[in-house]
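Residue numbers (the numbering used here): 797 to 938.
Pasting the structure below:
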């Protein structure tokens with residue numbers, strides 16, 4: 797399954813850029829990942845790049861998840877022949893309600909509000925963790 801990680805703006809912090817590069821390299825052996833940074837965070841900008849992908853919105857109002865449960869969900873999507881998953885991360889104002897409401901899934905990284913750059917980095921680490929868990933790699937420990 798291919799992943800499209802769609803976020804608003806380019807990360808401004810060097811440590812975020814470095815972390816994103818690290819996790820992008822780490823996850824590539826498991827699944828192809830395309831990172832798309834939008835200039836504007838409106839619904840039209842998101843819809844333009846989502847295409848035919850199944851949509852997962854990351855939003856503080858979404859359902860929280862344990863890594864193992866999400867790894868199982870990813871396996872189910874793969875077994876259901878989901879070819880492409882778009883993960884949407886809003887900018888400083890979050891995701892437009894229209895986009896959040898049309899998403900197939902809405903997940904939360906936690907109850908607290910995160911700056912969008914940090915949310916993007918946390919998601920990339922979780923994506924890597926999901927695939928290492930699925931591969932029985934020792935990175936993930938519970």
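Built from N, CA and C at the ideal position, the CB exists for glycine as well.
- Contact between the region 864 to 875 and the region 920 to 938 is present, with at least three C-beta pairs closer than 8 Å.
- Apart from the 5 residues on each side of it in sequence, residue 900 sits with its Cβ closer than 6 Å to the Cβ of 850, 851 in its chain, given in chain order.
- Runs of beta strand (DSSP E) with 3 or more residues, each lying fully within the region 836 to 879, are found at 850 to 860, listed in chain order.
- Going by DSSP, residue 908 is part of no beta strand (DSSP E) at all; its letter is neither H nor E.
- Bounds of the alpha helix (DSSP H) holding residue 898 are 893 to 898.
- Across the structure, residue 859 and residue 810 are spaced so that their CA atoms are roughly 30 Å apart.
- Residue 844 counts as exposed, since fewer than 16 other beta carbons sit within 10 angstroms of its beta carbon.
- Taking the C-beta atoms as reference points, residue 887 is found nearer than 9 Å to residue 805.
- Distances from the CA of residue 829 to each of 847, 801, 863, 921 were compared; the closest alpha carbon is that of 801.
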